[in-house]
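Going letter by letter, the sequence shown gives residues 1146 to 1263 in the numbering used here. Built from N, CA and C at the ideal position, the CB exists for glycine as well. These numbers come from a predicted model, not from an experiment. Each remark here refers to the structure printed beneath this line.
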Amino acid sequence: MHDSVTANRSGKDEDKPKFGLGQKVKLIKEIVNDGTYPHAPIGTLLMPAGAVGYIKSMGEFLQVIRVYEVHFLGLLDVPVEIVGCREHELEAMEDFRDEVEEELEFMRKHIEKNYSKD
């Protein structure tokens, strides 16, 4: 469902994804349970600010709000390891490296070099 009200609420998202799968990110602000996690009371700290994790997947909520599934490792005092985050809640810890695109570029150059008709 796409309408102007929902679209305006998602104005913090970039047109294209800001982060890629496997990219290392840091949480800018703490995430507390807003009721979407059923195994902890509303208001429970799910992930502290400064936690470092990796983008596991990305999806959309209401077709206009991008949500990143981030896997945070090694934190023992929180009830979850995987949290849904918005772009404005994350900061890149490293540049994204698209290994699939790198491999495709390597194959294109290899084919061009070895199989082109000169």
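Presumed contact (8 angstroms Cβ cut-off) between residue i and residue j, rounded CB distance
| i | j | result |
| --- | --- | --- |
| residue 1226 | residue 1216 | 6 angstroms |
| residue 1209 | residue 1171 | Not really, about 25 angstroms apart at Cβ, beyond 8 angstroms. |
| residue 1191 | residue 1224 | 6 angstroms |
Boundaries of the beta strand (DSSP E) in which residue i is found, first to last residue
| i | result |
| --- | --- |
| residue 1192 | 1190-1192 |
| residue 1198 | 1197-1206 |
| residue 1211 | 1210-1217 |
| residue 1235 | 1235-1237 |
| residue 1228 | 1227-1230 |
| residue 1220 | Careful: residue 1220 lies outside any beta strand (DSSP E) and carries neither H nor E. |
| residue 1174 | Element bounds for residue 1174: n/a, residue is neither H nor E. |
Residue interval of the alpha helix (DSSP H) (run including residue i)
| i | result |
| --- | --- |
| residue 1260 | 1244-1260 |
Pairwise C-alpha distance: residue j and residue i
| i | j | result |
| --- | --- | --- |
| residue 1241 | residue 1259 | 30 angstroms |
| residue 1230 | residue 1188 | 16 angstroms |
| residue 1262 | residue 1182 | 60 angstroms |
| residue 1212 | residue 1202 | 9 angstroms |
| residue 1176 | residue 1160 | 24 angstroms |
| residue 1255 | residue 1248 | 10 angstroms |
| residue 1185 | residue 1221 | 15 angstroms |
| residue 1228 | residue 1257 | 44 angstroms |
Strand pairing of residue i, partner residues [DSSP]
| i | result |
| --- | --- |
| residue 1169 | 1199 |
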